[in-house]
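Residue 121 in the numbering used here sits at position 121 of the sequence shown; the count goes up by one each step and never skips.
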Amino acid sequence: MGCETWGVSSDGAGRITSCRWEHGKVVDEAFGLDEVSELLERDGSLIWVDLCEPDHAGLRALADELGLDPHAVEDAVSAGERPKATRHANHTFLTVYATRLVPSDDPSVSAADPEASGRESRLRTSRISAFVLPRGVITVRGDDDVDMGQVLERWNDDPELLQLGVGALVHGLLDAVVDGHFDSIQQLDDAIEGLEDLLFDERGQVHTVQVRTYRLRKELVELRRVVLPMRDVVNAVLRHRGELDQRHTALDGFYDDLYDHVLRAAEWTESLRDMVTTIFETNLSLQDARLNTVMKKLTGWAAIIAVPTAVTGWFGQNVPYPGFGRPWGVLFSAAVIAAVAVTLYGVFRRKGWI
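Printed below as a string of structure tokens:
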């Protein structure tokens, strides 16, 4: 039995998905917002309501009915909020960001200018705000880029966990978000490995390396902004969870594991940022080394070419010289040119200049 998604509701609340569990099993779905307050009062009831692209007025009406803090309601629809967890009078408010990395040929990345397309960030972030009540969670999203069906599957796959209360819903939501962070980080790690191979390519694709390095640094900065604050979010949830649901402590191990995942994601992101910085510096060093090699080759060939210029210039003087006015003089000058040029070529070749 799965929870259904409505279309746009008549009260302007946007697209709504709703579900209610009792003893870990789905018992009701697709109920209206006017039923939420009543269902929250039932013992043993656990509900989830998801509002996608909600109307501000509709959200305020629901907030007034449930006694949600008006500042939290404003944060749920305001742009640019950072990931956080805030405790209010009768609920905890969460804001987290789900992430995904789109392919380079995605229409949102591709542009008319190929150069600009190569620099465009492929990282997409989607904000999820949540009001955590003693018997339910209300999530608010500004777009439908996040597949909440995966979160719902996590909840329904473990009915025994859902019997532990609202903490199980919060854990499933945060766990899905952190798993998405890991997927994005893994893709960026793979991209960095590919960049390392390109960095040491003998063909010296300098421009491609520069463009990809810039894009990876840009994506890691964006990812870091939403991954690092997750440590504070999970810590705050751990502190506030006991106030919301004091019935169970069995979730402590799940949250400890979640916090460990958050730390690993943050450390991985930092290490990738350091790796990209190393690649950038290495690329500059390799460019200097390639430039030195080119200068050596140019200098070597210039010295070789200077030999015939010097010899013919000497023999072209208007004073007598060895072989002046005689046929063997030409042969002598040609022999000098060939001997000195071959000698210089051998010397430079042995030194690796040419």
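We put the CB at the ideal spot given by N, CA and C, even for glycine.
Excluding the five sequence neighbours on either side, which residues of its own chain have a C-beta within less than 6 Å of the C-beta of A306, listed in chain order? Around A306: no qualifying Cβ.
Are there three or more Cβ pairs, one per stretch, closer than 8 Å when the segment 255 to 266 is compared with the segment 205 to 218? With the cut-off at 8 Å, the segment 255 to 266 and the segment 205 to 218 do not touch.
The alpha helix (DSSP H) that contains T373, what's its start and end? In this structure the chain extends from 1 to 354, so residue 373 is not present and cannot be described.
Please report the straight-line C-alpha distance between G165 and T278, rounded to a whole angstrom. If you take the alpha carbons of G165 and T278, they lie about 47 Å apart.
Starting from the N-terminal side, write out each stretch of the alpha helix (DSSP H) that is 4 residues or longer and does not extend beyond the segment 29 to 113. List check, alpha helix (DSSP H) in window: 36 to 40, 56 to 66 and 70 to 77.
Report the residue from T249, L298 and V206 whose alpha carbon sits nearest the alpha carbon of L284. That would be V206, whose Cα lies nearest to the Cα of L284.
Best match in R15, L101 and R20 for proximity to D183 [C-alpha to C-alpha]: Nearest in C-alpha terms to D183, of all of R15, L101 and R20, is L101.
If you follow the alpha helix (DSSP H) that G180 is part of, which residue opens it and which one closes it? In the DSSP assignment, G180 falls within the alpha helix (DSSP H) that extends over V166 to L199.
Beta-bridge pairing of A130 - partner residues as DSSP gives them: The partner list for A130 (beta bridge, DSSP) reads L94 and T139.
Could you tell me whether the segment 140 to 152 touches the segment 182 to 196, using the rule of 3 or more Cβ pairs below 8 Å? Touching, no, given that fewer than three Cβ pairs across the two stretches are closer than 8 Å.
Which residues in the same chain as F31 place their Cβ atom closer than 6 Å to its Cβ, once the five residues preceding and following it in sequence are excluded? Excluding positions up to five away in sequence, the list reads S18.
For D252, does the count of other Cβ atoms within 10 angstroms reach 16, so buried, or fall short, so exposed? Under this definition D252 is an exposed residue.
So what's R239 in DSSP terms, helix, strand or just coil? Residue state, collapsed to three classes: helix.
Comparing alpha-carbon positions, which option in G80, E222, H181 and L162 lies nearest W48? When each option's Cα is compared against that of W48, the closest is L162.
Could you check the C-alpha separation between W155 and D179 for me, to the nearest Å? Roughly 15 Å separates the two Cα atoms.
What is the rounded straight-line gap between the Cα of A79 and the Cα of V132? Distance between the alpha carbons of A79 and V132 is about 21 Å.
Count the C-beta pairs between the segment 167 to 174 and the segment 227 to 241 that are closer than 8 Å, then say yes if the count reaches three, no if not. Yes, since at least three Cβ pairs between the segment 167 to 174 and the segment 227 to 241 fall closer than 8 Å, the two stretches touch.
Just how far apart, CA to CA, sit K25 and P159? Cα to Cα, the separation comes out at about 6 Å.
Per DSSP, T125 forms a beta bridge with which residues? BP columns for T125 point to T99.
Restricting to Cα atoms, I'd like to know which of E281, W328 and L223 is closest to L199. Restricting attention to E281, W328 and L223, the CA atom closest to the CA of L199 is found in E281.
Could you please give me the residues that DSSP links to V26 through a beta bridge? DSSP lists W21 as partners of V26.
Could you check if D50 is buried or exposed, using at least 16 other CB atoms within 10 Å of its CB as the buried criterion? Buried.
Going by beta-carbon coordinates alone, are V60 and D144 separated by less than 9 Å? The sequence as given places Arg at residue 60; Val does not occur at that position. The beta carbons of R60 and D144 sit no closer together than 9 Å.
Is R326 helix, strand or coil when you go by DSSP? Correct three-state label for R326: coil.
Hey, quick one: how far does the alpha helix (DSSP H) through L162 stretch, first residue to last? Taken as a continuous stretch (DSSP letters only), the alpha helix (DSSP H) holding L162 covers P159 to L162.
Considering only the alpha carbon of each residue, which of R290, R273, S37 and L66 lies closest to P222? According to the sequence displayed, residue 222 carries Glu and not Pro. Nearest of R290, R273, S37 and L66 to E222, Cα basis: R273.
Which residues DSSP lists as bridging I16, in chain order: Answer is L51, bridged to I16.
Quick check on T343: does DSSP put it in helix, strand or coil? Looking at T343 - three-state DSSP - the assignment turns out to be helix.
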